[in-house]
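Asks: Below you'll find the structure I mean.
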Amino acid sequence: MLLQLLCLCAALVLNVANARSPRASRRSECPPFTNGTLVIESYQLYPENADFDLNDCLLYIGALYNASVVVYDPYKAETVATLEFPGITRTRPFHVGGVAWDPFTNFITILVDSAVPHETADHQISGDDYILRYDPGTQEIVWSLNITEVSQGQYGGQQDVEHDARGHVYILGSYPGTILRVEPDGSIIKPWYLPEVIDHTYNGITGFAATGEILLACDPLNNTGSGEIVKFDMTADEGTPVLVPRIPNEDIISLDAVYLPPKYGGTVLLVSEHDRGVSVLRSADGKWETAEYLGRISDYASLSEGAVNTATVEISGVIYTVDEWFTDPIVNGTSAGNRTEFPLVDITSQIEELLAATP
Ligand SMILES: *[C@@H]1O[C@H](CO)[C@@H](O)[C@H](O)[C@H]1NC(C)=O
Ligand SMILES: *[C@@H]1O[C@H](CO)[C@@H](O)[C@H](O)[C@H]1NC(C)=O
Ligand SMILES: *[C@@H]1O[C@H](CO)[C@@H](O)[C@H](O)[C@H]1NC(C)=O
Ligand SMILES: *[C@@H]1O[C@H](CO)[C@@H](O)[C@H](O)[C@H]1NC(C)=O
Ligand SMILES: *[C@@H]1O[C@H](CO)[C@@H](O)[C@H](O)[C@H]1NC(C)=O
Ligand SMILES: *[C@@H]1O[C@H](CO)[C@@H](O)[C@H](O)[C@H]1NC(C)=O
């Protein structure tokens with residue numbers, strides 16, 4: 002159960018495109034980022050999820066189909082490294098789904114998931130899922146775990162990760178909605194929330210975001226109408242979902258990631274809704290007993306060009322969409338489509354307008 006993927010750890014390959022300066026000591030903040038929409042030039046990047054490391058001021062982007070992680074310096078507009086994992090990267094059917102900076106340790110948590118549950122209509126559970134803790138300081142894997150040792154192929158579709166102040170790592174799976182929790186040193190991984198019925202045909206929680214001791218998640222309820230937002234208390238030994246009612250109760254549909262931009266201190270939740278765009282929810286006191294539904298941002302270029310919104314990310318004050326082109330044909334002999342340019346669209350002003358419209 003506690004299998005260490007020593008082969009993966011020892012063999013982690015780093016393709017460092019440009020030498021990086023030694024790691025700076027912990028910073029309190031990154032310089033304000035002022036550029037608008039960014040276009041990241043990277044063949045086959047196909048980003049699914051991304052997070053901005055506020056310690057190193059670098060953006061970590063999961064390349065879904067290649068199953069690699071691109072480390073991007075937005076201030077210099079350049080890729081500084083590509084993390085590749087032997088036996089995983091460019092090895093179908095692996096994906097890299099969730100990627101998150103852990104603000105409590107400065108490690109990066111990377112989720113490697115089997116593509117099969119996501120790409121089969123009834124979400125067949127086959128293939129393996131892994132979680133990796135990467136230390137940007139030493140550029141090494143701190144620990145890695147084989148999630149399939151715990152799930153035993155009963156549930157899957159792992160696609161998001163979160164952290165708490167005590168050092169736990171939380172892993173979200175969607176078929177059906179599950180949460181596993183890992184002890185800080187990677188010694189124990191076990192279920193923290195499992196639904197009463199384990200039925201992999203059911204599409205449960207798809208994304209989560211933590212603030213204080215609150216873990217927020219969005220649940221599409223097997224796509225039977227509107228989904229919902231639930232919250233969990235991370236101080237509990239076991240997770241129990243509690244409904245967060247939306248006021249007004251506008252539909253949230255076709256759900257993927259949720260995100261709490263750091264600039265709003267845990268009071269604004271962005272909900273990714275694939276072809277519908279990004280819904281903006283607010284809890285003015287940050288307790289998320291209810292959520293004000295403020296509106297949806299659905300008019301931006303990538304959406305009208307056929308991409309879907311899978312996530313959002315703030316780069317030091319500027320909030321971007323992360324969009325995926327799921328339908329691009331795979332280039333023969335490779336793992337992904339032929340795209341080389343991936344825009345991150347600046348939606349900061351639309352969010353500010355929605356916040357200002359309902360003071
Ligand atoms: C993806 O793999 C291709 C080779 O098929 C490589 O040329 C490309 O740089 C990779 N891109 C990323 C983002 O890993
Ligand atoms: C900022 O935007 C300008 C104008 O669009 C562009 O020329 C420049 O390369 C961008 N810089 C970065 C760091 O993205
Ligand atoms: C991960 O665990 C599964 C289930 O026990 C096993 O079949 C698989 O071989 C393991 N993967 C590795 C790399 O050991
Ligand atoms: C979930 O929805 C799918 C159709 O989208 C259906 O086939 C499946 O039976 C549902 N699963 C459960 C457990 O209700
Ligand atoms: C790609 O491979 C498929 C068979 O695997 C073949 O039918 C198709 O013609 C190939 N396409 C190109 C552009 O080579
Ligand atoms: C990428 O593939 C699409 C079709 O899959 C094709 O229309 C387009 O010309 C290709 N672009 C490049 C640069 O090869």
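Quick note on this note's numbering: the sequence shown kicks off at 2 and runs consecutively. Beta carbons are placed, not taken as given, at the ideal position from N, Cα and C, and that holds for glycine.
Can you tell me which of 166, 276 and 272 puts its alpha carbon nearest to the alpha carbon of residue 283?
Replies: 272
Asks: With a threshold of 6 Å on Cβ separation, who are the neighbours of residue 360 within its own chain once the five nearest residues in sequence on each side are excluded?
Replies: Leaving aside the five residues that flank residue 360 on each side, none in its chain has a CB nearer than 6 Å to its CB.
Asks: Would the beta-carbon of residue 149 fall within 8 Å of that of residue 130?
Replies: yes
Asks: Could you tell me the alpha carbon to alpha carbon distance between residue 155 and residue 72, rounded to whole angstroms?
Replies: 33 Å
Asks: Are the region 53 to 65 and the region 348 to 359 in contact at 8 Å, needing three or more beta carbon pairs?
Replies: no
Asks: Find the nearest neighbour of residue 213 within the set 206, 235, 222 and 194, judged by alpha-carbon distance.
Replies: Answer by Cα proximity: 235.
Asks: Quick one, which of 113, 179 and 351 has its alpha-carbon nearest residue 147's?
Replies: Out of 113, 179 and 351, 113 has the C-alpha closest to the C-alpha of residue 147.
Asks: Is residue 309 near residue 347, with beta carbons less than 8 Å apart?
Replies: Taking 8 Å as the Cβ cut-off, residue 309 and residue 347 do not qualify as a contacting pair.
Asks: Does the distance from the CB of residue 181 to the CB of residue 189 come in under 8 Å?
Replies: Taking 8 Å as the Cβ cut-off, residue 181 and residue 189 do not qualify as a contacting pair.
Asks: Around ligand 4, what residues have a beta-carbon under 5 Å from a heavy atom of it, in chain order?
Replies: Those satisfying the condition are, in chain order, 200, 202, 203 and 223.
Asks: Ligand 1 and residue 67: does any heavy atom of the ligand fall closer than 7 Å to the residue's C-beta?
Replies: True, at least one ligand heavy atom lies under 7 Å from that Cβ.
Asks: Kindly indicate which three-state DSSP category residue 308 falls into: helix, strand or coil?
Replies: coil
Asks: Can you tell me where the alpha helix (DSSP H) with residue 352 in it begins and where it stops?
Replies: That run of the alpha helix (DSSP H) goes 349 to 358.
Asks: Indicate, with yes or no, if ligand 3 has a heavy atom lying under 7 Å from the CB of residue 147.
Replies: yes
Asks: For residue 248, which residues in the same chain have their Cβ closer than 8 Å to its Cβ, ignoring the five residues on either side in sequence?
Replies: 291, 292, 293 and 294
Asks: Taking DSSP as the reference, what is the three-state secondary structure of residue 22?
Replies: Because the pLDDT at residue 22 is just 41, under 50, the model does not fix this residue reliably, and the value given afterwards should be weighed accordingly. Residue state, collapsed to three classes: coil.
Asks: If you measure between the beta carbons of residue 163 and residue 237, is that distance less than 8 Å?
Replies: no
Asks: Grab me the residues of residue 95's own chain with a C-beta within less than 8 Å of its C-beta, minus the 5 sequence neighbours each way, in chain order.
Replies: Around residue 95: 68, 89, 113, 114, 115, 116 and 128.
Asks: The alpha helix (DSSP H) spanning residue 151 covers which residue range?
Replies: Residues 149 to 152.
Asks: Starting from the N-terminal side, write out each stretch of the alpha helix (DSSP H) that is 4 residues or longer and does not extend beyond the region 272 to 330.
Replies: For the region 272 to 330, the full-length alpha helix (DSSP H) segments reaching 4 residues or more read 302 to 305 along the chain.
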